[in-house]
Amino acid sequence: MSNRFTSRLSDNDDFKRDELIRKIEHSVEHMTLAELEALSYDMFTKGYIQDY
Numbered sequence: 009m010s011n012r013f014t015s016r017l018s019d020n021d022d023f024k025r026d027e028l029i030r031k032i033e034h035s036v037e038h039m040t041l042a043e044l045e046a047l048s049y050d051m052f053t054k055g056y057i058q059d060y
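Our numbering applies: residue 9 is where the sequence shown begins, and numbers increase by one.
This is the structure:
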């Protein structure tokens with residue numbers, strides 16, 4: 009059940025999530041291939057991404 013307060017929290021969480029995604033995308037765009045491979049391996053071993 010959503011009320012005005014929980015709706016406002018959800019909006020704030022959505023804003024924070026979007027901001028974090030923008031920051032991560034910006035950082036990833038500037039990584040070298042080796043850094044991207046290391047990040048990919050780390051995320052795979054932690055279960056954040058699946059092997060396609």
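Every residue gets a Cβ at the ideal spot worked out from N, C-alpha and C, and that includes glycine.
Could you tell me the boundaries of the alpha helix (DSSP H) in which Met-51 lies?
The residue you call residue 51 lines up with position 43 of the sequence shown. For Met-51, the enclosing alpha helix (DSSP H) starts and ends at 41-53.
Secondary structure at Asp-22, three-state DSSP: helix, strand or coil?
As a position in the sequence shown, residue 22 is number 14, starting the count at 1. Of the three classes helix, strand and coil, the one that applies to Asp-22 here is helix, per DSSP.
Leaving out the 5 sequence neighbours to the left and right, which residues in its chain are closer than 6 Å to Lys-54 when beta-carbon positions are compared?
Counting from one through the sequence shown, the residue named residue 54 turns up at place 46. Excluding residues within five positions, none has a Cβ falling inside 6 Å.
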